[in-house]
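Colleague:
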Amino acid sequence: MELTSLPPKGSSVKNRLARIAAVLAVPGAGLVLSGCTVPSFYASEGVTETSKSTFHLWQGFSIAAAIIGAFTSGLILWAVLRYRRKGDAIPKQTQYHIPLEILYTIIPIIIVIGLFVATVVVENKVVADPPTTTEIHANAFQWGWGFTYTDHNAVTVGSTTEEPTMVMPVDTDVRVILTSTDVVHGFYVKEFNFSRFALPGVTNKFTFHAVKTGTFAGQCTQMCGLYHSIMYFKVKVVSQSDYSKWLASFDTPEGKAKADAAKKVLAEQMSAHVPVKPEASGGTNKQ
Amino acid sequence: MTTLAHEHDAASHDNHGEHGHAEHHGPRGILNWLTTTDHKIIGLSYTVTSVIMLVLGGALAEVIRGQLANPNGHLVSFSEYNQLFTMHGSIMIYLFAGPFAFGALANIIVPIQIGAPDMAFPRLNALSYWLYLSGAITMLLGFFTSEGAANFGWVAYTPLSDAVQAPGYGTDLWIGGLILTGFSAIFTGVNICATVFYLRAPGMTLFRMPIFTWNLLVVSILILLAFPVLTAGLVMLYADRHFGTHIYSVAGGGVPVLWQHIFWFWGHPEVYILALPFFGMVTEIIPVFSKKPVFGYKGMVFATITIAALSLGVWAHHMFTTGVVLLPFFSIMSLLIAVPTGIKLFNWIGTMWRGQIWFSTAMLMAIGFVVTFLIGGLTGVYLASPPLDFFTHDTYFVVAHFHSVVMALVLGGMAGLYYWGPKITGYLLNERIGKVQFWLLFIGTQLFTIPQYWLGLDGMPRRMAIYPNNPEWQNANTWSSVGALMIGVSTLLFVINIVVSWKKHPAGDNPWDGHTLEWFTTSPPPHHNFYRLPQIRSERPTWDHNHPEAKALGHGKDHQ
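Residue numbers (the numbering used here), protein chains in the order written: chain V, 1 to 287; chain E, 288 to 847.
Spelled out as C-alpha cells, the structure:
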C-alpha cells in the first residue's frame with residue numbers, strides 16, 4: 001500500500017486555519033463594532049443596576065461562545081465533508097504537530113483569563129453590599145414567602161393560594177435579608193438576573209438597585225418538597241413616594257390590624273416548620 | 288505476518304487449540320453466569336444491566352416529558368412527579384451512566400487492550416457486579432413502598448432528605464442502594480488500577496496504552512478519591528435519619544450545607560468519572576475509522592490527567608447561589624477545565640484531518656458525540672461564571688446544559704456498543720438500522736435540549752410539575768417532548784437491532800481494521816483472551832502488525 005498525502009500540496013493546515021479564521025473574524029468584528037445592537041442572546045436585559053452588568057457579561061460570553069462554536073463546528077464540518085473515504089489508500093500517519101498543539105492550548109488559556117477577569121469585575125458589583133437603611137427580610141417557608149421591613153410595620157405574606165408581593169422602591173439601594181425556616185429554597189427574580197438560596201441556619205444578604213418601576217415575577221427555584229412547583233411571589237418596584245405611602249398605610253389603625261393579622265399568619269407558617277428539634281429526630285429506630 | 292507474532296502466556300498454553308471456548312472447563316449456563324470471575328462475562332452482565340437501567344430511566348423521562356407537554360399536565364400528581372424526576376436522575380447517574388462507563392465496556396476492554404488474561408482481582412470484580420445489581424434493586428424497590436420512592440431530587444439536599452421531611456422507606460432504600468453501588472464503584476476502581484499497573488503485557492509501557500485504558504486508569508484514581516466521600520456522607524445522612532445524630536440538622540448544631548459540600552465533592556469528579564470513559568471510547572473509534580493514529584496522543588493523556596486534577600477543585604460551582612463559597616477560586620478552576628477539554632476536541636478534529644473517514648454507525652455516533660459535547664461544553668462555560676450562574680442556576684438552562692453533556696455520552700456509549708459489540712458477541716449489528724438510530728438520536732437530542740436552553744433563559748425553573756400557562760413556554764416544552772420521544776424511539780431501534788442482527792453477520796477478528804490489542808484476538812476472545820500477542824512497540828500494536836509500512840510519524844517528523 002502506498003502512503004499518500006491526500007490534499008493538494010501547499011494547502012497546509014496552517015494556511016487553511018488562517019483562512020477560516022479570517023472568514024470568521026469578519027462577522028465577529030461586525031458584532032463588536034455594532035456595540036449598541038449586540039443581540040440579547042435570549043437573556044433578560046435586567047431592571048436593576050447589577051442585572052444590567054450581568055446582562056452585558058452574558059452578551060460577552062455569548063459572543064465568545066458563538067465565535068468558538070462556529071470555528072470549531074466549521075472545522076468538524078470541513079473534516080467530515082472533505083476527508084470522506086475515497087479509496088483504500090492509507091493516509092499519512094501524522095500524529096503530532098507540536099506548534100499547532102501549543103497554539104490550541106495557549107489560545108484557550110488566554111480566552112479563559114479574559115472571561116475570568118470580566119467575571120470578577122461583574123461579580124464584585126453583584127455581591128457588593130453598599131450601606132443602606134432600606135432593608136427587607138424575606139422569609140421562605142414550605143410553601144410561600146413572607147416579607148417584613150426593618151423599622152416599619154409593613155408585612156406581606158402569602159403561600160401557594162395567594163402570591164405575596166415584595167414591594168420595594170426604585171432608584172434606591174435595597175438590601176434583602178434572606179432566610180429559610182425549613183428546607184433549602186431559591187429566591188429567583190428573572191428580571192433581576194439573580195437568584196440566591198434561602199438556607200436553613202444561614203442568613204444571606206444581597207442588594208438590588210432597581211432603575212425601573214413595574215411588577216416582576218419571582219419564584220422558588222430550589223426543589224423544596226410537594227408544592228415546589230407553585231411557590232411564587234411578585235416583586236413590585238414603585239416610586240419612592242409610593243413606597244413611603246405604602247409603608248405608612250400600615251401605620252393607621254386598620255393598617256396595623258392588617259399587619260398584625262399578616263404577622264400572625266407568618267409566625268404560624270414559620271412555627272409549623274421550625275427546624276427539627278433534637279428529640280424529634282430520633283427517627284423510627286429508637287432503642 | 289504471523290512471523291512477527293510470538294507465543295505468550297504459557298500458563299494456559301497447553302489447552303489451546305481448535306476448540307476455542309471448550310478449553311475452559313467450568314459450569315455452563317446460568318450457573319456459569321452466577322459463579323463466573325471472567326471479566327468478559329462480568330462486563331457483559333454490567334452492560335446488559337446498565338442498558339436496562341438506561342431504558343428504565345428513559346421510560347421515566349418520557350412520562351416527565353408527557354406531563355410537561357401541557358402547562359397543566361394531569362398525567363401525574365405533584366408527589367408522583369417529584370418521585371419521577373428524582374428516580375430518573377438517580378437511575379441515569381448512579382445506575383446507568385457510572386456503571387456503564389467504568390463497569391461495562393471498561394471491564395471487557397481494558398484487560399484485553401493491555402494484553403492481560405483477566406482483571407487483577409477477578410473475585411473482587413464479581414463482587415463489584417453483585418453489589419451493583421443488589422444496590423440497583425434496592426433503590427428501585429422504593430417504588431413499591433407505601434410512600435413511594437425517593438422524592439427530593441437526585442442530589443438529596445438536606446434537610447429535604449431528613450427523617451421529618453422524607454420519612455418514607457423509599458428514602459432509606461435510596462440511601463442503602465447508593466451505599467452498595469458506591470462500594471461497587473470503589474472496588475472496580477481498585478481493580479482497574481491494579482490491573483493497569485501490574486498486568487500489562489511485555490512491551491506495553493504506560494505511554495503505549497490506548498487512550499481508553501489511560502482514561503479508565505485516571506477515572507479509577509478519581510473513583511478512589513471521590514466515592515468514599517459520598518459513601519461516608521450517605522452513612523452520616525442515614526445516621527441523622529435513624530440514630531439521632533445532628534450532622535446536617537440546624538436544631539442539633541449541624542450544618543445543612545455540609546451535605547452539599549460532601550455531595551458535590553463527589554459529584555463534580557463524578558461528572559468526569561462518567562465522561563472520561565466515553566471520551567476514551569470515541570478516542571478509540573475516531574482514529575480507527577479515519578485510518579490514522581490519534582492526533583496528539585501525549586497531549587490527550589496530559590489533557591485527561593489535567594481534567595481529573597482540576598475536577599477535584601471545582602465542586603462549589605454547584606453552590607455559587609448558596610452565598611457561602613469563595614466565588615473567584617471555584618470560577619477560575621471551572622473555567623480552566625475548558626482548556627484540556629478543548630485540547631481533546633481539537634485532537635479529535637486533528638485525527639480526522641486528512642484521514643479516510645469511514646462513516647460506519649460507530650463513527651457517526653462518535654461524531655455526534657463530538658458535536659453534542661461541543662454544545663454542552665460551551666454552555667458549561669457560562670455556568671462557571673458566578674454572575675451568570677446566579678440567574679441560570681436551577682433553571683432549565685442548567686437542565687439543558689447537562690442533558691447536552693449526558694446525551695453526548697449516550698451517543699458515545701452507542702458508538703462504543705457498535706464498535707466493540709462485534710468483538711464481544713462475535714457478530715456485527717445491522718448498519719442500516721444503526722444509521723437510522725443515529726439520526727433519530729442525534730436530531731432528537733438537539734430538539735430536546737435547545738428549547739430548554741431558551742426556557743431557562745426565559746425563567747422556567749427546573750423540577751416543576753406544572754408551569755404558567757404561557758403559549759411560548761408550552762410550545763418550547765412540546766418541541767422538547769417531541770425530541771425526547773425521538774430519543775426513546777432510537778433506543779427502541781437499538782433493541783430491535785440486537786434482535787434482528789442476532790447471530791446473523793459474523794464479525795471476524797478485526798472487522799474495522801482496528802489499532803489496539805483487542806482486534807488481534809478472536810471475536811469473542813477466548814477464556815484468557817489471547818493465544819498469541821504481537822510485538823507491542825506503539826499504542827497501535829495490531830495496526831503495526833497489519834500495516835508494518837505505515838507506522839505513526841513521531842514528533843517533528845514531516846509536518847511540512
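From the three backbone atoms N, C-alpha and C, an ideal C-beta is built for every residue, glycine too. This one's a predicted model, so the numbers in the text were calculated from it and none came from an experiment.
1) Lys710/E: buried (16+ other C-beta within 10 angstroms of its C-beta) or exposed?
2) In whole angstroms, what separates the C-alpha of His308/E from that of Thr809/E?
3) Given Ala292/E, which residues of its chain have a CB within under 6 angstroms of its CB, disregarding the five upstream and five downstream residues?
4) Compute the distance between the beta-carbons of Ile895/E and Leu343/E, then report whether it is under 8 angstroms.
5) Would you mind reading off the limits of the alpha helix (DSSP H) that contains Cys480/E?
6) Within 10 Å of its beta-carbon, does His842/E have 16 or more other beta-carbons around it, so buried, or fewer, so exposed?
7) What are the start and end residues of the alpha helix (DSSP H) that includes Val47/V?
8) Which residue marks the beginning of the alpha helix (DSSP H) containing Pro409/E, and which one marks its end?
9) How do the segment 137 to 154 of chain V and the segment 98 to 111 of chain V stand: do at least 3 beta-carbon pairs fall below 8 angstroms, yes or no?
10) Chain E partners of Gln269/V, CB-CB under 7 angstroms?
11) Alpha carbon to alpha carbon, how far is Ala262/V from Gly440/E? Give it in angstroms, no decimals.
12) Using CA atoms only, rank isn't needed, just tell me which of Met639/E, Asp796/E, Gly629/E is closest to Thr665/E.
13) Note down, one range per segment and in chain order, each beta strand (DSSP E) of at least 3 residues found wholly within the segment 714 to 761 of chain E.
14) Hey, how far is the Cα of Met168/V from the Cα of Ser672/E?
15) Compare the beta carbon distance of Ser44/V and Lys190/V with 8 angstroms and say whether it is the shorter of the two.
16) Let's test the definition: count the other Cβ atoms within 10 Å of the Cβ of Leu696/E and tell me whether it reaches 16, buried, or not, exposed.
17) Quick one: grab the DSSP three-state call for Thr500/E.
18) What three-state label does DSSP hand Tyr149/V in the structure shown?
19) For Gly841/E, decide whether its Cβ has a neighbour in chain V, counting only Cβ atoms nearer than 8 angstroms.
20) How many Å lie between Val350/E and Val451/E at the Cα?
21) From what residue to what residue does the alpha helix (DSSP H) around Ile656/E run?
22) Please return the same chain residues whose Cβ sits closer than 7 angstroms to the Cβ of Glu826/E, not counting the five positions on each side in sequence.
23) Any beta carbon of chain A sitting closer than 8 angstroms to that of Lys86/V?
24) My assumption, with CB atoms under 8 angstroms, is that Val569/E sits in contact with Phe646/E. Please give the rounded CB distance.
25) Mind checking which residues open and close the beta strand (DSSP E) that includes Asp173/V?
26) Pairing CB atoms from the segment 499 to 515 of chain E with CB atoms from the segment 403 to 413 of chain E, are three or more of them under 8 angstroms?
27) So which of His375/E, Thr324/E, Ile466/E, Val363/E has the shortest CA-CA distance to Ala341/E?
28) In chain V, what lies closer than 7 angstroms to Tyr706/E by C-beta?
29) Assuming contact is defined by CB atoms lying nearer than 8 angstroms, are Leu427/E and Ile466/E in contact in what I supplied?
30) By alpha-carbon positions, which one of Thr165/V, Glu49/V, Ala89/V, Val155/V ends up nearest to Ala217/V?
31) Figure out for me which residue from Phe383/E, Tyr419/E, Pro580/E, Ile479/E has the closest Cα to the Cα of Pro828/E.
32) Tell me where the beta strand (DSSP E) around Thr156/V begins and ends.
33) Tell whether a beta-carbon distance below 8 angstroms holds between Glu49/V and Val211/V.
34) Need the endpoints of the beta strand (DSSP E) that Ser195/V sits in, please.
35) Nearest chain E C-beta to Asp182/V closer than 8 angstroms, yes or no?
36) Runs of 4 residues minimum, wholly inside the segment 356 to 418 of chain E: which ones carry the alpha helix (DSSP H) assignment?
Modeller: Taking the definition as stated:
1) Residue numbering aside, residue 710/E sits at position 423 when the second sequence is read from its first letter. Buried is the call here.
2) Sequence index remark: in the second sequence, residue 308/E carries index 21 (1-based). Sequence index remark: in the second sequence, residue 809/E carries index 522 (1-based). Confidence is the limiting factor: at His308/E the pLDDT is only 48, short of 50, which leaves the residue's position unreliable and the question unanswerable from this model.
3) Residue 292/E sits at position 5 when you count from the first residue of the second sequence. Residue placement at Ala292/E is flagged as unreliable, the pLDDT there being 42, under the threshold of 50; the coordinate-derived value follows with that caveat. Hits under 6 angstroms: Arg819, Pro821.
4) Chain E is shown from 288 up to 847; residue 895/E falls before or after that span and cannot be answered.
5) The count along the second sequence starts at 1 and reaches residue 480/E at position 193. Note, Cys480/E: alpha helix (DSSP H), 456 to 485.
6) In the second sequence, counting from the first residue as 1, residue 842/E sits at position 555. With fewer than 16 other Cβ atoms within 10 Å, it is exposed.
7) As a first step, residue 47/V is located in the first sequence; it is residue number 47 there, counting from the start. Careful: Val47/V lies outside any alpha helix (DSSP H) and carries neither H nor E.
8) Along the second sequence, one-based indexing puts residue 409/E at 122. Pro409/E -> alpha helix (DSSP H) spans 409 to 427.
9) no
10) Sequence index remark: in the first sequence, residue 269/V carries index 269 (1-based). Under the 7 angstroms cutoff, chain E gives no residues; its nearest Cβ is about 16 angstroms from Gln269/V.
11) Position 153 of the second sequence holds residue 440/E. Position 262 of the first sequence holds residue 262/V. Cα to Cα, Gly440/E sits roughly 32 angstroms from Ala262/V.
12) Stepping through the second sequence from its first residue, residue 665/E is reached at position 378. Position check: residue 665/E holds Leu in this sequence, whereas Thr was assumed. It is Gly629/E.
13) none
14) To locate residue 168/V, count along the first sequence from 1; it is residue 168. To locate residue 672/E, count along the second sequence from 1; it is residue 385. Approximately 28 angstroms, taken between the alpha carbons.
15) The residue given as residue 44/V occupies position 44 in the first sequence. The residue given as residue 190/V occupies position 190 in the first sequence. Result yes, Cβ atoms of Ser44/V and Lys190/V sit closer than 8 angstroms.
16) Indexing the second sequence from 1 puts residue 696/E at position 409. Flag for Leu696/E reads buried.
17) Here residue 500/E refers to the residue found at position 213 when the second sequence is read from its first residue. DSSP places Thr500/E in helix when its eight states are reduced to three.
18) Here residue 149/V corresponds to residue number 149 of the first sequence, with the count starting at 1. Three-state result, Tyr149/V: strand.
19) If you number the second sequence from 1, residue 841/E lands on position 554. Yes, Gly841/E lies at the interface with chain V (some Cβ there is under 8 angstroms from its Cβ).
20) For the purposes of this step, residue 350/E is taken as residue 63 along the second sequence, with counting starting at 1. For the purposes of this step, residue 451/E is taken as residue 164 along the second sequence, with counting starting at 1. Roughly 28 angstroms separates the two Cα atoms.
21) Your numbering for residue 656/E matches position 369 in the second sequence. It is Phe, not Ile, that sits at residue 656/E in the sequence shown. Looking at the DSSP string, the run of the alpha helix (DSSP H) that includes Phe656/E is 648 to 670.
22) The residue labelled residue 826/E in the question sits at position 539 within the second sequence. Closer than 7 angstroms at the Cβ level, and outside the excluded window around Glu826/E, lie Arg495, Met496, Pro497, Tyr584.
23) Of the protein chains in the structure, V and E, none is chain A.
24) On the second sequence, position 282 is the one that residue 569/E refers to. On the second sequence, position 359 is the one that residue 646/E refers to. Not a contact, Cβ separation roughly 14 angstroms.
25) Reading the first sequence from its first residue, position 173 is the one you call residue 173/V. Its beta strand (DSSP E) spans residues 173 to 180.
26) no
27) On the second sequence, position 54 is the one that residue 341/E refers to. Correcting the residue identity first, residue 341/E is Leu in this sequence and not Ala. Nearest of His375/E, Thr324/E, Ile466/E, Val363/E to Leu341/E, Cα basis: His375/E.
28) Taking the second sequence and counting its residues from 1, one reaches residue 706/E at position 419. Residues of chain V passing the Cβ test: none, with the nearest at roughly 17 angstroms.
29) Here residue 427/E is taken as the residue at index 140 of the second sequence, counted from 1. Here residue 466/E is taken as the residue at index 179 of the second sequence, counted from 1. Not a contact, by the Cβ cut-off of 8 angstroms.
30) On the first sequence, position 217 is the one that residue 217/V refers to. Here the closest residue by C-alpha is Thr165/V.
31) Your numbering for residue 828/E matches position 541 in the second sequence. Here the closest residue by C-alpha is Pro580/E.
32) Here residue 156/V refers to the residue found at position 156 when the first sequence is read from its first residue. Its beta strand (DSSP E) spans residues 155 to 158.
33) Position 49 of the first sequence, counted from the first residue, corresponds to residue 49/V. Position 211 of the first sequence, counted from the first residue, corresponds to residue 211/V. Yes, they are a contact pair.
34) As a working note, residue 195/V is residue 195 in the first sequence. Looking at the DSSP string, the run of the beta strand (DSSP E) that includes Ser195/V is 194 to 198.
35) What you label residue 182/V is simply residue 182 of the first sequence in a count that begins at 1. Chain E contact via Cβ: present.
36) 365 to 377, 392 to 400
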